[in-house]
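Chains as they are written, first to last, in our numbering: chain A, 586 to 1085; chain B, 282 to 751. All C-beta atoms in this analysis are idealised placements derived from N, C-alpha and C, irrespective of residue type, glycine included.
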């Protein structure tokens, strides 16, 4: 396979963005053309990634479609490649990006051209994160995403957008600079930042713990874990709908992906050592943020806190280091990507019409918006993990996985499932049913065509993977098996070495 | 005869300056002509410098050295001087400081810097230093009918004279304890036990730190940057730093190399203090020139971090940092030169509000430059920091790397603040953009360099890899 398909997938959105950047002429035409370019490039990218999935070899755990170019002389090479874990995130990204573009075209009222550039740039960078097989290249993509996201929140955001954008930027930057120190240290300790080589090298025990903590600081902020999550509600609330969708659906997953790929892969001993620590933080995240979510009167904030709780399941699953747990956490990430995107789009629909995110402004929506209520129902049930939705598969597997490792953690985590049902259903009741308190709600219009198409595609996937998650399992199975096998081998190696 | 060939660039430059001075005196209204000739002279001198032999040559009784370091630093000085002059064309005309003396003095200071860079002897070094300093004092107060400018010149003169005095005292101590003014001899006779000479080193470092405005010898920087005409500020922010860093490297690595245990701590301290102060103090600034002053203090902190490692990789990373710093500052000052309405230049960052609405392209360029100054990948500014911290971590100075990277987070705040004003705030009145070609060229070149550097980052490494001392 000589065609550099990964580079193509990464850089097609960038090329689209450049096209939009250089279009000139009268305002209307420019906007129209840039919409077409954005839709076109992101859909091409989606089809290309589907094609990638079809030709992807599911019978091997090696990295595939490897591309390697000399980049910084003698130091670092630009290396791309994917395995069963990363391909799912690529698919998620290329699927969510067109949705964001449609939603942006639908509801963004000014500077639409710049908005599309930012979204396409974001897509390029996120895909780069999931494809890169070199720590420095990974860091480059990981950090560069801050620029477009900062602008998306700051330019098109709500009233407190400046504060939120700054908080988002500085928090994430602070987390990741320590990772940069760790990456450079790894280079001097092992002589390479090539992930494939590093996965086979066993980094000496003396360094593992500190390096693990440095990587943790970055991923914990990104995913986010309690107590590093405080940027997330602010960023979510103030970001425009499409920005929230990108944040929730993909940006958070970079943290989870990082934990699986780097924390487990490079520092097995430290991962083992810090597992109780992760479990504690995750349990606090699940219970505490669920309780906070119960108390919210802002719909977006409620969903943002529920994201933190769901990510708590993901981290528990990852560090349970059982096959079920890891697979569950990946499915949970994918499904959360779909469900939270859908929920934020739902809030966006209401916000476009009434310009309020407060639960109290709504009530009795079902009278005028029956279609909307139906879709919102599906997404709500998905978020609380009802069997038959993809949310159930992930959460269930995570609980099965962690049950083998630590029963108390499993029991406490399942409390989160109950709490999720409480806050989601209560939200649904207050927004959709009840008496119409707000006169504006009486004249509210139901979904239009674009919105229906977006919601149908999301509903389809959520239900499809709820009933038939097989394709996802087939893709990740071998990679996960290999990861766990390697993990145990490494641990034994270190223990043997320690005992002489 | 051979010797004359080796100092041909300096010789050519000085003869040209004198001829230009003559033209300036005898031809009336000759600014435009002289400006043109100055550019030619600068380009031609650069070519001469680049043509110098590719080996280490010492002339005039080993008091003058031509090596890779000097060639790189001299050509940087000349090249960026050219760009600074190009970008400040219109500014000079509008502010009525388009006097011939301006160009002559700039050229004289460049000559002084070239002498400094190549000096291999304390006395010659001091001569070069004084030549450039005197020119800088005049430049700072060039707008002599303005209170702030004269104040800047005076402040700079007094503080700089003090620092030079200290340095001279240090030089005499070193001479006294090692018995020579030649760098090589000093290096042979110096060791860490030689307390008197170590005192001398401290004083010399104080003087050098003053020149590159490292904390705690930075006090003059914000005032001088703010008070001087912007064209001079941009000159200050770029050109003298090159020579000062070159001399800093030369001093630390040739005569003082045996006392590395002694000076390393000092340089690390200077570096950390500059990084922290540069990041924290800039937060409260509203005048963009003052802000750039603190930003340059911070950046010099990172450059010093590279020097403090005491390795060749450290020097190389410092030089790469310097080059990227120069490009970024050239771009930033080109943007500042754009802030003009009805022949008045604005300096408050509030005046930038809503730039994205009025001038989207300029706003985008400024955005790129600011993110690069903040060190966010994939822009050039990130690679600058990356190389420095590569060198620092190679020498196992983890605390320095961690402090340095944490201060980048703090300093990101004030760059973000400008971006916020440009992109998030309500539009102000539009600027009259001036599409002077010189300004345009420097803006386009610098922003393009910053933007596409990541595609081929080896370019600077290849260029610099031959710069080695020891």
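Three CB pairs or more closer than 8 Å across the segment 707 to 715 of chain B and the segment 787 to 800 of chain A: no
Local Cβ density within 10 Å of residue 300/B, reported as buried at 16 or more and exposed below that: exposed
Partner residues on chain C for residue 828/A, Cβ-Cβ distance less than 7 Å: Any reference to chain C falls outside this structure, whose protein chains are A and B.
Under 8 Å from the C-beta of residue 746/A: neighbouring residues of chain B: 705
Identity of the residues DSSP links to residue 652/A by a beta bridge: Residue 652/A is bridged to 665/A.
Reduced DSSP category for residue 625/B - H, G, I as helix; E, B as strand; rest coil: Residue 625/B falls in the strand class under three-state DSSP.
Buried versus exposed call for residue 442/B [16 or more other C-beta atoms within 10 Å across all chains shown]: exposed
Per-residue contacts from residue 744/B into chain A (C-beta, under 9 Å): Chain A residues near residue 744/B: none, gap ~11 Å exceeds 9 Å.
Chain A contact residues for residue 690/B, given Cβ-Cβ distances below 8 Å: Within chain A, the residues near residue 690/B are 755, 758, 759, 762.
Residues of the segment 790 to 808 of chain A with Cβ closer than 8 Å to any Cβ of chain B, in chain order: Along the segment 790 to 808 of chain A, none of the residues has a CB nearer than 8 Å to a CB of chain B.
C-beta neighbour in chain B for residue 729/A, strict 8 Å: yes
Check whether residue 691/B and residue 608/B have beta carbons under 8 Å apart: Contact flag unset, no.
Residue 947/A, enclosing alpha helix (DSSP H) - first and last residue: Element bounds for residue 947/A: n/a, residue is neither H nor E.
Sequence ranges, alpha helix (DSSP H) only - wholly within the segment 873 to 924 of chain A, length at least 4: 884 to 905
Chain A within 8 Å of residue 671/B, Cβ atoms only: yes
For residue 710/B, the three-state DSSP class (helix, strand or coil): Residue 710/B: coil per DSSP, three-state reduction.
Among 496/B, 427/B, 625/B, the one whose alpha carbon lies nearest that of residue 559/B: 496/B
Interface flag, residue 725/A vs chain B, CB-CB below 8 Å: yes
Option nearest residue 657/B by Cα separation, candidates 1063/A, 836/A, 758/A: A check of alpha carbon separations from residue 657/B across 1063/A, 836/A, 758/A identifies 758/A as the nearest.
Under the three-state DSSP convention, the category residue 838/A falls into: helix
Euclidean distance between Cα positions of residue 993/A and residue 568/B: Each residue's Cα considered, the two are about 58 Å apart.
Selected residue, minimal CA-CA separation from residue 504/B, among 439/B, 649/B, 673/B: 439/B
Whole-angstrom distance between residue 313/B and residue 623/B, CA atom to CA atom: 23 Å
Residues near residue 750/B in its chain [Cβ-Cβ closer than 6 Å; skip 5 each side]: 534
Check whether residue 372/B and residue 627/B have beta carbons under 8 Å apart: no
8 Å Cβ cutoff, residue 658/B in contact with chain A: Closer than 8 Å to some Cβ of chain A, the Cβ of residue 658/B qualifies, so yes.
Listed by chain order, chain B residues near residue 740/A by CB distance under 7 Å: 704, 705
Residue 689/A beta carbon less than 8 Å from that of residue 702/A: no
Whole-angstrom distance between residue 893/A and residue 878/A, CA atom to CA atom: 10 Å
Pick from 454/B, 487/B, 491/B, 618/B that is closest to residue 475/B, judged by C-alpha positions: 454/B
Sequence-distant residues of the same chain with beta carbon closer than 6 Å to residue 730/B, five excluded per side: 608
Counted within 10 angstroms of its Cβ, other Cβ atoms place residue 333/B as buried (16 or more) or exposed: buried
Helix, strand or coil at residue 1084/A according to DSSP, with G and I counted as helix: coil
Residues of the segment 654 to 686 of chain A with Cβ closer than 9 Å to any Cβ of chain B, in chain order: Going along the segment 654 to 686 of chain A in chain order, one finds 655, 656, 657, 658, 659, 660, 661 with a Cβ nearer than 9 Å to chain B.
CA-to-CA distance, residue 873/A to residue 935/A, given in whole angstroms: 28 Å
Within-8 Å CB hit, residue 694/B to chain A: yes
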